[in-house]
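Have a look at the structure below before the remarks.
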Amino acid sequence: MSGKKQLLRWFQGRGWTPFKFQREAWRAALSGDSGLIHSPTGTGKTYAVAIPPLIEWLDENPQPQDWPKTAPLRVLWITPLRALASDTAQSILAPITDLALPWTVELRTGDTSSAARAKQRERLPSVLVTTPESLSLLLSYPGTQTQMASLRTVVVDEWHELLGTKRGVQTELCLARLRTWFPDLKTWGLSATLGNLAQASRVLVGAKAGAAKMISGDLKKKIVVETLIPADIESFPWGGHLGLNLLPEVIQRLLQAKTTLLFTNTRSQTEIWFRALLTARPDWATEIALHHGSIDRQVRQEVETRLREGTIRCVVCTASLDLGVDFSPVEQVIQIGAPKGVARILQRAGRSGHRPGAVSRIVCAPAHALELVEFAAVREAIAARELEFRIPLERPLDVLVQHLVTVALGSGFRESAMLAEVRSSHAYRDLSDTEWKWCLDFVTRGGTTLKAYPQFSRVSNSDDGFTVPDAFIAKLHRMSIGTITSDSAIAVRMLRGPMLGTIEESFIGRLKPGAKFSFGGQALELIRVRDMTAYVRRAKKFSGVVPQWMGGRMPLSSQLANVVRRKLAEARRGQFTGREMRAVKPVLEIQNRWSRIPEPDELLIERVKMRDGVHHFIFPFAGRLVHEGLAALIAHRVSKHVPASIAITLNDYGFGLLSAASIDLPDAAWREIFAPKDLLADLLGCLNSAELARRQFREIARIAGLVFQGYPGSGKTARQLQSSSGLFYDVFTRYDPENLLLNQARQEVLDRQLEISRLAGTINEIIEMKIVHVDTAYLTPLAFPLWASFVQANLTSEKWSERVKRMALQLETAAAAEKKK
Amino acid sequence: MSIETHWAGERLILLADKAIVWSRTASLIVADPHFGKPAAFRMAGIPVPESTTASDLERLDELLRTHRNQRLIILGDFFHSAAGLQPAMMDTIADWRSQNASLEIVLVPGNHDKSAGEPPASWNIRLVPDGWSLPPFSFCHEPRDIPTSHVLAGHLHPAISLREKFGGGIRVPCFWFRRTCAVLPAFGSFTGTHAVRPTFGDQIFAVGDGEIVEVTA
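Note that the protein sequences, when read in sequence, are chains D and G.
Residue numbering for the first sequence is 73 to 893, as defined by this note's numbering.
Residue numbering for the second sequence is 1451 to 1667, as defined by this note's numbering.
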């Protein structure tokens, strides 16, 4: 019987019929193609790509009596999340076990024990499920090519998660390496639906693999988006509410479903909601759990197991459960707070009804009135399939530098062959000769040819090509490969007891011993921090802070922002379609009465005099990141007309400028202030760009192997090599200003922190708009949240000493105020 | 560039270059130069430009010349680690020493010096392992209290964190003067910092960008 027949029979034995897209994928893979399969979660993507390698092998080995004891490596399965690895392995194992094939399936992730890893270095399993970091680490061992000799297929799971990140670029480089070794290698990517799928597939297969097949598994999965409407709508919402006013409604919903995933946007919000639920329903203590990326793996796994078994009522979680694990028992998904992106809501909705054909249902709980508009917009965007793009990164040199050392350490390389290989990846297709030379020099000499650093050599160039001869350098490098994503993380551990998880150093750094904080749903007291570990004990009473993790603030996507503007324009014309819009109607009517709801071709500027000064609120609706740069730019240009110190506040809808005096300018001057002319120069001039770049350099320094995080037990030698990225930034700026990593930091500030292209787009739109000034007597519903939260005003062109003096003065005033008390 | 302060009845000039001039005794005081730290990093395959050693010595030269000092007091951690004692750097320092042969150098060894080893005898550096005293001051590596004396120390690499009114902020190296103990910022260019939390009554002088500013709360 042919391999295909055997596997079809296995499928039928489970009561399944292959979907059209699965058959399509099998056909393509069996004829040697590479490609990308996109579909919502829970539609059977795994078996679309896991089956063909089995068929292929069965056809090559038709006689069971001739089968080897175990088949050598045939499939490499790359997944972005360690948490997904074991589930994926289970799925792949099912047909193998049922058909009694001599295949082994093993994991190799950061969680794999060193004994298991050492064994794998001797012999790889038939299917290896791994992460980009672990694959990279594998490439750093010399024997890997021989070990992988029979590899046929590499699968990249959740490709949309990797695309647009440095881990994605690391994956691209690893794939390029594998394709050099095995030119016939097939690459298959699995992705959620994206706005730029064609590009996603080009990035995945690189230049060599030729055209890739694009296979759609979009089974028109039915998605129901429902919004909880609070009984009384607060017209003047602010950021701190977190939707807790909807707690009773949410509890009602939890009672109605067997198992619910409750998504929030930040890890701190999960902590807050978990505590609130427990306070309201102490009887649920064993029925609800918490899940986020910082919680210890074992605890997370327990939660995941209970989810799979359907023995848990509710899990409060963040993006850590966004990805593909199959939790079929999940009946309902609740989203707390603004959706911020269309694809995200689609993904989260897909976590329920996680079976082909089932309905996915998401219940949205807006944290404040204006979020009702966002949810209305999300539903419209989902219907119209207006999804976000994931823009791939362009040649980040820090990742290349790391990869060059990795390859030198593994098989070694020759210059021209390696350059061709690197350029075959999408990220480095336009890598210039100068950039390439610089990277090579950086790892071999430290500086450029003329400025070689004495006694420095990480990679050495000899007749054998580029290699890493020094064992200590090799060890340091392998330790740093895995750290591409993590910000310096501190372990949280009970003084006498288990590890609870990890937390950002910046948070723990602000706490003094004895301080109380909430973590993993428990009230804890900090005892001391030592060796990258925060020792804690249970606190008796909770009255502390909830940790703020980095990256907690998700900016509104431009796709969604556009739909929000459309919805507002409809409201302006008195059109309120849908429950959300009808509910938010009173709030928008106040906005319109006191000020105005702007048309899509209008820029609204509200001015209101308050006790603290004169506020100008400007609403471009372009998302937080764009507003950050834009607000700084506008404040800078305004200050040329009105000499005053200006404080800034911003959110996804607009930004506010606070000054002592009113900014009275003619319309022409305002036009000039929003002009695209000299955008970049002005922006760099007004932002403390050096400081931003210095901060951005943290990640670059870590990836390029300049700074090492303290590893527990890494000993004194490593401790003496510890340094901060800021120090490297300063030293390079001073002594090696042409260092291209500095350029990269500046470019990343523009691209990532300020979204310069989106900002330029916004400015170009604004210049076509009509500017509408409105003097208001009170803070309007749009302005109130801006007024309520002053943030990020790190925007100054003052001299260093003046700035320090001013900040010191603030300290003094604060101290004086304390003394008075 | 500099700030004058009076402490223990003595006039001290605090320099933005992270050193103190004690004019009455023609002394220049620095802490924690960590010579050889870049070399130690390079030996481990971490690229750090070499120029820091030379430029730190130039900075020292400039200060000694401008303030006509006859004595240099180093408050410990002269060397960073044994791995950093590379010939090129040792030659650079030896050259510098021979050009400043008449200068008296006193070194209070710090914790790093203990594992890195002593400077060569030919450099003619006076080692005072238990600290040194020139009333009203005592010179130590680690900050401590000595009754009836005012202590000048290093070791901490003190820095002060300053916050903006609305978010953001910076961290800058500083001199930290308490009632009877003052801590100098690290002199070496390739050294890290440690944020200190001053208490009421302390004096803090922040340095950066070639300037020095008092930021006492």
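Where a beta carbon is used, it is the ideal one built from N, C-alpha and C, also for glycine.
Checklist entry - Can you tell me the Cα-Cα spacing of A221/D and G482/D, whole angstroms? => result 15 Å
Item to check | Within-8 Å CB hit, G311/D to chain G | outcome: Here the model assigns G311/D a pLDDT of 47, short of 50, so the residue's position is not dependable, and the following value carries that caveat. Cβ-Cβ to chain G under 8 Å: no for G311/D.
Item to check | Minimum C-alpha distance to R339/D - residue among F591/D, G757/D, L737/D | outcome: F591/D
Item to check | Spatial distance of L756/D from A499/D (CA atoms) | outcome: 26 Å
Checklist entry - Who does A361/D pair with in a DSSP beta bridge? => result V387/D
Next on the checklist: Just checking: is the beta-carbon of V479/D within a distance shorter than 8 Å of some beta-carbon in chain G?
Outcome noted: no
Item to check | Run of the beta strand (DSSP E) containing E609/D, from where it starts to where it stops | outcome: The sequence given here places Arg at residue 609/D; Glu does not occur at that position. Start and end: 605-610.
Next on the checklist: So if I threshold CB-CB distances at 8 Å, which residues from the segment 1497-1510 of chain G count as touching chain D?
Outcome noted: P1497, V1498, P1499, E1500, S1501, T1502, S1505
Checklist entry - If you drop the 5 nearest sequence neighbours on each side, which residues of the same chain put their C-beta closer than 6 Å to that of I18/D? => result This structure cannot settle anything about residue 18/D, because the visible part of chain D is limited to 73 through 893.
Item to check | Any chain D beta carbon closer than 8 Å to S1452/G | outcome: no
Next on the checklist: Counting only Cβ pairs nearer than 7 Å, list the residues of chain D close to M1493/G.
Outcome noted: Q527
Checklist entry - In angstroms, rounded to a whole number, what distance separates the CA positions of T852/D and F693/D? => result 16 Å
Item to check | DSSP beta-bridge partners of P1608/G | outcome: H1644/G
Next on the checklist: Would Q1536/G pass as an interface residue toward chain D - the criterion being a Cβ-Cβ separation below 8 Å?
Outcome noted: yes
Item to check | Nonlocal neighbours in the same chain, by C-beta distance under 7 Å from L130/D, ignoring five residues either side | outcome: G75, Q78
Checklist entry - Helix, strand or coil for F1589/G per DSSP? => result strand
Item to check | Interface positions of the segment 1637-1648 of chain G facing chain D (Cβ-Cβ less than 7 Å), listed along the chain | outcome: S1639, F1640, G1642
Item to check | Where the segment 399-420 of chain D meets chain G: residues whose CB sits under 7 Å from a CB there | outcome: none
Checklist entry - Can you list the residues of chain G that R530/D reaches, using a CB-CB cut of under 7 Å? => result G1495
Checklist entry - Which residues, in order along the segment 1451-1480 of chain G, keep a beta-carbon less than 9 Å from a beta-carbon of chain D? => result none
Item to check | CA nearest to the CA of G1660/G, picked from V1646/G, G1642/G, R1628/G, C1624/G | outcome: C1624/G
Next on the checklist: Quick check: is the beta carbon of A1544/G nearer than 8 Å to any beta carbon in chain D?
Outcome noted: no
Item to check | Start-to-end residues for the alpha helix (DSSP H) that takes in Q341/D | outcome: 339-352
Next on the checklist: With a threshold of 8 Å between beta carbons, is A1423/G in contact with chain D?
Outcome noted: Residue coverage of chain G in this structure runs from 1451 to 1667, which leaves residue 1423/G outside it and unanswerable.
Item to check | Under the three-state DSSP convention, the category G798/D falls into | outcome: helix
Item to check | Within chain A, partners of D542/D - CB distance below 7 Å | outcome: The structure shown contains no chain A; its protein chains are D and G.
Checklist entry - Which ranges would you report for the beta strand (DSSP E) in the segment 473-546 of chain D if only whole runs of at least 3 residues count? => result 532-534, 537-539
Next on the checklist: Determine, for V445/D, whether the minimum Cβ-Cβ distance to residues of chain G falls below 8 Å.
Outcome noted: no
Item to check | Distance, A563/D Cα to P124/D Cα | outcome: 42 Å
Item to check | Per-residue burial, I1662/G [other beta carbons within 10 Å of its own, 16 or more giving buried] | outcome: buried
Next on the checklist: Short of 7 Å in beta carbon distance, which residues of its chain neighbour F1627/G, apart from the five on each side in sequence? Order them along the chain.
Outcome noted: W1457, D1652, Q1653
Next on the checklist: So G728/D contacts chain G; which residues on that side make the cut at Cβ distance below 9 Å?
Outcome noted: Here the premise fails: no neighbours, minimum Cβ distance about 11 Å.
Next on the checklist: Buried or exposed for L148/D, going by 16 or more other Cβ atoms inside 10 Å?
Outcome noted: buried
Next on the checklist: I'd like to know whether the C-beta atoms of C386/D and H363/D end up nearer to each other than 8 Å.
Outcome noted: no
Checklist entry - Grouping DSSP H, G and I as helix and E and B as strand, with all else coil, what is K657/D? => result helix
Item to check | Nearest to L319/D (by Cα), restricted to the options L334/D, K285/D, A329/D | outcome: L334/D
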